[in-house]
Amino acid sequence: MENGSAALLTHHRPFCWVTAITRGVIRVTKNFQPLPSDVIVASFPKTGTTWLKALLYSIVNRSSKHRLTVENPHSLVPFLEYFDTDGKPPYESKTALPPDINHSRRIFSTHMPYQLLAKTLDSLACRVVYVTRNPKDTLVSSWHFVKKKLSLERPKRAHFLTYEELKNDPQTHVKKLAEFLGCPLKAMMWRGRNGVVGGYKDHLSDEIVEKIDALTREKFHSLGFMYGI
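Residue numbers in the sequence shown follow this note's numbering, run continuously in steps of one, and reach 363 at the last position.
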């Protein structure tokens, strides 16, 4: 790695982090205490995080004048490890969360590995929604959070779904999300959304696909999520 690139990364327990967020990661592991009503969106980057944030915020906050029409989902559902403009993490900041937060549930997101959040989340005082995606579409291996089988062992506190499930049958899975959050839906209106499942075929060679398939079998076999391999 070139010196210029190395300066952008920091090594911490035992992962490499973008230097700009390392302070936030450390602070989360030391200070974050979830409330029973909190919802945590856990994911690896590029697995449908923004989409899931918008869905969860819509489920929890229902209004004819919806904030999602004028604000970015990342503003309404902030990352735990990112600091706000007032220099504080979102769970301590008064400016990071939407003004109506006192009238609804706090929703946060994180890309942090399970190993760093284990002590905090093992008590599962909050609810966790974890989304994953076909590794060949995201070029990632399984997050350790999945290995812990939280959603399989404690279905009332952790919910697991895949990007492919959400894409193929959004109505069913949004209803399941709403029920998991204790906010059942009576009626829904749907609008189409573009998205490609299996788009990796246009970008990856057969050799790379075979290597990722081997990793997928190794990491996901025990959980039964094989993505058609």
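Positions of the beta carbon are idealized from the N, C-alpha and C atoms, including for glycine.
Next item on the list: Just mark Arg240 as buried or exposed, buried being the case when its beta carbon has 16 or more other beta carbons within 10 Å.
Entry: Within the sequence shown, numbered from 1, the residue matching residue 240 stands at position 106. Under this definition Arg240 is a buried residue.
Check: Which two residues bound the contiguous beta strand (DSSP E) that contains Arg240?
Finding: Here residue 240 corresponds to residue number 106 of the sequence shown, with the count starting at 1. No residue range can be given for Arg240, since it is assigned to no beta strand (DSSP E) and is classified by DSSP as neither H nor E.
Next item on the list: Excluding the 5 residues preceding and the 5 following Thr153 in the sequence, name in chain order all residues of the same chain whose CB lies nearer than 8 Å to its CB.
Entry: On the sequence shown, position 19 is the one that residue 153 refers to. Excluding its 5 nearest sequence neighbours in each direction, Thr153 has C-beta neighbours in its own chain below 8 Å: Ala141, Leu142, Leu143 and Thr144, listed in chain order.
Check: Going by other Cβ atoms of all chains shown within 10 Å of its Cβ, with 16 needed for buried, is Arg351 buried or exposed?
Finding: Position 217 of the sequence shown holds residue 351. Counting Cβ neighbours within 10 Å, Arg351 comes out exposed, since fewer than 16 surround it.
Next item on the list: Return the CA-CA distance between Thr156 and Pro247, expressed in angstroms with no decimal places.
Entry: Position 22 of the sequence shown, counted from the first residue, corresponds to residue 156. Position 113 of the sequence shown, counted from the first residue, corresponds to residue 247. Inter-residue distance for Thr156 and Pro247 is about 13 Å (C-alpha atoms, whole angstroms).
Note to self: Between which residues of its own chain and Leu250 is the CB-CB distance below 6 Å, once the five residues before and five after are set aside?
What the structure shows: For the purposes of this step, residue 250 is taken as residue 116 along the sequence shown, with counting starting at 1. Annotation for Leu250: Thr163 place their beta carbon closer than 6 Å to its own, counting only its chain and skipping 5 residues before and after.
Notebook entry, point to check: Closest by CA to His293, which one among Ala312, Pro304, Gln305 and Asn302?
Noted result: If you number the sequence shown from 1, residue 293 lands on position 159. Minimum Cα distance to His293 is reached at Ala312.
Notebook entry, point to check: If we ignore side chains and look at the alpha-carbon of each, how far apart do Phe279 and Phe178 end up?
Noted result: Within the sequence shown, numbered from 1, the residue matching residue 279 stands at position 145. Within the sequence shown, numbered from 1, the residue matching residue 178 stands at position 44. For Phe279, the predicted model reports a pLDDT of 47, less than 50, meaning its position is unreliable; a value from the coordinates is still stated below. Here the C-alpha atom of Phe279 lies approximately 10 Å from the C-alpha atom of Phe178.
Checklist line | Residue from Gln167, Trp185, Tyr216 and Lys353 with nearest C-alpha to Asn206 | finding: Here residue 206 refers to the residue found at position 72 of the sequence shown. Selected option, being the one with the closest Cα: Trp185.
Check: Where Asp347 and Lys199 are concerned, what is the direct C-alpha to C-alpha distance, given to the nearest angstrom?
Finding: In the sequence shown, the residue the question calls residue 347 occupies position 213. In the sequence shown, the residue the question calls residue 199 occupies position 65. Cα-Cα distance, rounded: 45 Å.
Notebook entry, point to check: Alpha carbon to alpha carbon, how far is Pro170 from Glu344?
Noted result: Along the sequence shown, one-based indexing puts residue 170 at 36. Along the sequence shown, one-based indexing puts residue 344 at 210. Going by the C-alpha atoms only, they are around 43 Å apart.
Next item on the list: Enumerate in chain order the residues of its own chain whose CB-to-CB distance from Pro269 is below 7 Å, with the five nearest sequence positions on each side excluded.
Entry: For the purposes of this step, residue 269 is taken as the residue at position 135 of the sequence shown. So the qualifying residues of the chain are Ser275, Ile346, Leu349 and Thr350.
Next item on the list: Evaluate Lys253 with the Cβ neighbour count: other Cβ atoms within 10 Å of its Cβ, from every protein chain shown; 16 or more gives buried, anything less gives exposed.
Entry: Taking the sequence shown and counting its residues from 1, one reaches residue 253 at position 119. Lys253 is exposed by the Cβ-count criterion.
Check: Would you call the CB atoms of Leu369 and Tyr225 closer than 8 Å?
Finding: With the chain covering only 135 through 363, there is no way to say anything about residue 369.
Next item on the list: Could you name the residues of the same chain whose beta carbon sits closer than 7 Å to that of Glu299, not counting the 5 residues immediately before and after it, in chain order?
Entry: One-based indexing of the sequence shown puts residue 299 at position 165. By the criterion of a C-beta distance shorter than 7 Å, Glu299 is surrounded in its chain by His307, once the five residues flanking it on both sides are discounted.
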